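Residue numbers (numbering that gives the first Met the number 0), protein chains in the order written: chain A, 0 to 311; chain B, 0 to 201.
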Amino acid sequence: MEVDLTGVDPLTHPEVATWEWQIAMYLFIGGLVAGILIIGAVLRLRRAKGFDRALRIAELAALPLIVVGLLLLFSDLGNGWNSWRFYTTFEITSAMSWGSWILMVATVGLVLRSTTQLLDIRSSISWLERPLHIVQRVGEGTRRRSDALDWTLLALGGALGVYTGVLLSTIPARPLWDSFVLAPLFLVSGIATGGAFLCLFLEREPHLRLVPVTATLSAIEVALIGGLVVNLWIASDATKEAAKLLLGGRFGFALFGGVLLFGLLIPVSIEGAEWARRRVPGAFSRVAPYLKLTGGLVLRFVVVYAGLESAL
Amino acid sequence: MRYAMAIDVDRCLGCAACLVACKIENEVALGGYRLRMREEVVGVFPDLIGEFRMEQCFHCSDPPCVPVCPTGATFQNQDGLVLVDPSRCTGCRACVTACPYDMRHLTPGGWVDKCTFCDHRLAGGRQPACVETCPTGARSFGDLDDPASDVSAALDGARLVEVLKPESGARPNLFYLESQLIGRSGLDVRATVLSAFDEGGG
């Protein structure tokens, strides 16, 4: 009888306390807000018509979303009362330090953009007249520099989207994250989910104008997921083992079913049929953005949890 | 100065006295351990061979846990020790995730804890508690840059020296001395260790 045992005394080595679901959720929300910032800035800079109402809702929603993301991050901290320490230093080698500061600046940018959005609906919220006086002054000042703010938000959105991937890929002890593909994948996925969020509030005509863009983003996302798997497969023995986590078992099921099929292929097919003026049931049309958002969320969970499971 | 430790696996009985000494010396919180014991058994019955291997922070020369820390709470001091400043630690666990050896843990207080090679004792010229306690003298500690140190002498006299997960690139400073390798075939360990010495300048 051949014996090959290796084990750690469970008493002296309880389960390693790594990241929890809050981090996956935080990365999803970070990508979503990054997507809203990028798409909003691009549409305004291109003077695109028909998107004002949906952009107002999406950008006003982005501010509480980013706060929820930060609360999730802080709730995952072992010592949340020390979270102010993030802002007393800048550690150039730490992706998390970069992310803390990017989030801070992006929040300020979003507050400024929100003031201009509130200006447009001040008549419907006149009961807020007194506090809105300050908002109005800031908003009017910001509106005069709207293009400059949009260029800034575009850069911040890009940085935020890239950061959500870089946060993981700078941790080589987890082979599944040891890939340069994660940063562009999370950026593109973030823009795609931001677009899907915007589509929730769009009329049919401007929605259809966005379809070629969102379909292209989805195609790039599929290519990047393929690129991630190939990159892991060829890089080293450890990353090859990590890639196998994505190709089978519960992570493979979630990736192929939740992300690729239901999160990308089906909603893109629905939108493509609408764009080609085929008759599509209304329920299908309405569900497509929700599928994309869910796919983006599942992608973050798959990458985070499979990464934590992979080891050198 | 480059502090390092060597553990003679042939001498280790798995008594865990080092683990207990560490826990008492450093007042490690209930449920947490800075050291852990791994047991390996291989072979075809009845020709089995086994070993106990104590593991702790490897105080790597190129520690992956340091650059990921967003607040500078995890740092490497001038003697090469990798330490944590609890007052700066947010408990974000980036370092826990980045450690290829899973040798960090979260305390009930919310900060991350790990072996310090008993830096408070070193300041007084004493050895780490685990070294001082070991009843079989399996542990050697000292300055790797000093040829006369205990750890240098132990490494010089060893038949086989192993580091764990050399592929991590972290260049750990905890070495295992053995007469034969157990359960880790297919790796040219000796060459890897010599390479680690060269790169570390030790």
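Positions of the beta carbon are idealized from the N, C-alpha and C atoms, including for glycine.
It should be emphasised that the depicted structure is a prediction, and the values quoted were computed from it without experimental measurement.
Here LEU153 of chain A is not near LEU102 of chain A, since their CB atoms are 8 Å or more apart. Contact note: ARG173 of chain A reaches chain B through THR96, using a C-beta cutoff of 7 Å and chain order.
GLY71 of chain B is not a Cβ neighbour of GLY90 of chain B, given a cutoff of 8 Å. For GLU166 of chain B, the chain A residues whose C-beta falls within less than 8 Å of its own C-beta are SER235, ALA237, LEU311, listed in chain order.
Think of a sphere of 8 Å around the beta carbon of VAL8 of chain B: no beta carbon from chain A falls inside it, the nearest being about 13 Å out. C-alpha of ILE133 of chain A to C-alpha of GLN116 of chain A: approximately 14 Å in a straight line.
B:MET102 is the residue among B:GLU26, B:MET102, B:ALA28, B:VAL27 whose C-alpha sits nearest the C-alpha of CYS59 of chain B. In terms of beta-carbon proximity, LEU201 of chain A stays away from the interface with chain B, with every pair separated by 8 Å or more. Here LEU173 of chain B is actually not in contact with GLN75 of chain B; their C-beta atoms are around 15 Å apart, not less than 8 Å. Residue-level contact check: THR89 of chain B touches chain A, since one or more beta carbons of chain A fall below 8 Å from its beta carbon.
Inter-residue distance for LEU121 of chain B and CYS68 of chain B is about 25 Å (C-alpha atoms, whole angstroms).
With a threshold of 8 Å between beta carbons, VAL81 of chain B makes no contact with chain A. Excluding its 5 nearest sequence neighbours in each direction, ALA97 of chain B has C-beta neighbours in its own chain below 7 Å: PRO63, CYS64, VAL67, listed in chain order. Note on geometry: alpha-carbon atoms of LEU186 of chain A and GLY49 of chain A lie some 25 Å from one another. In terms of beta-carbon proximity, CYS68 of chain B lines the interface with chain A, with at least one pair separated by less than 8 Å. Per the DSSP secondary-structure output, ASP142 of chain B pairs in a beta bridge with B:TYR2. Between GLU24 of chain B and ALA128 of chain B, the gap from beta carbon to beta carbon is short of 8 Å.
Only LEU76, GLY77, ASN78, ASN81, SER82, ARG84, PHE85 from the stretch 54-87 of chain A bring a Cβ to less than 7 Å from some Cβ of chain B. One alpha carbon belongs to GLY79 of chain A, the other to THR73 of chain B, and they sit about 17 Å apart.
In the structure shown, the three-state DSSP call for GLN75 of chain B is strand.
Check the Cα spacing between VAL228 of chain A and each of A:ARG143, A:TRP176, A:GLY271, A:GLY140: the tightest is with A:TRP176.
The beta carbon of TRP232 of chain A lies closer than 7 Å to those of LYS239, ALA242 in the same chain, with the five residues before and after it left out. Nearest to GLY164 of chain A by C-alpha distance, out of A:SER188, A:VAL15, A:ARG142, is A:SER188. Proximity of LEU12 of chain B to chain A, defined by a Cβ-Cβ separation below 8 Å, is not satisfied. A:GLY193 is the residue among A:THR17, A:PRO183, A:GLY193, A:MET95 whose C-alpha sits nearest the C-alpha of ALA40 of chain A. Taking C-beta separations shorter than 7 Å and ignoring five residues to either side along the sequence, the partners of PHE73 of chain A in its chain run GLY79, SER82, following chain order. At least one C-beta of chain B is nearer than 8 Å to the C-beta of TRP18 of chain A. Using a Cβ distance threshold of 8 Å, ASP78 of chain B and TYR2 of chain B count as a contacting pair.
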